[in-house]
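Residues 2 to 115 in our numbering are what the sequence shown spells out, letter by letter. Ideal Cβ positions, reconstructed from N, Cα and C, are used throughout, including at glycine. Keep in mind that this is a model prediction, so the values were computed, not measured. Each remark here refers to the structure printed beneath this line.
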Amino acid sequence: MKSRTTAGLLALFLGGLGVHKFYLGEGGKGVLYLVFFWTYVPAIIALVEAIILFSMSDTDFNAKYNNGAGLPVGKVGSAKDTTSALIDLKKLYEAGVITAEEFEEKRKNLLKTL
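Laid out in structure tokens, this is it:
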């Protein structure tokens, strides 16, 4: 499982080379960082990404980079908990943290628990 702190530190210290992108499973973007590292543009972008990673919640990070690990799926106790989990899931989808396919899959899993 990928760590938000590790990703943030890699972006901060080695982000100009795209190391954090490789760590997060975005190899194509990592190659772009390597190709253009000499322009220092990737370093500036990586600094911004480090700030984003450090300020991101664990739930958002896990939803985006750890296939939703940590989302309340399958262990929901009541209809009220399921409704709350669905609202949280919809917020993640609207924020662009998860894709439409991931949203639909997790929604179906939540509804199975009722």
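- In the three-state reduction of the DSSP assignment, LEU25 falls in the coil class, being assigned neither a helical nor a strand state.
- The three-state reading of DSSP puts GLY97 in coil, since its state is none of H, G, I, E or B.
- Distance from the CA of ILE99 to the CA of TRP39, rounded to the nearest whole angstrom, comes to 32 Å.
- The alpha-carbon separation between ALA64 and PHE14 amounts to approximately 24 Å.
- Between the alpha carbons of GLY26 and GLY97 lies a distance of about 17 Å.
- Excluding its 5 nearest sequence neighbours in each direction, MET57 has C-beta neighbours in its own chain below 7 Å: ARG5, listed in chain order.
- Here TYR66 is buried, its C-beta having at least 16 other C-beta atoms within 10 Å.
- The C-alpha of GLU50 is placed about 8 Å away from the C-alpha of GLY9.
- DSSP, reduced to helix, strand and coil, places ASN68 outside both helices and strands of the structure shown, so it counts as coil.
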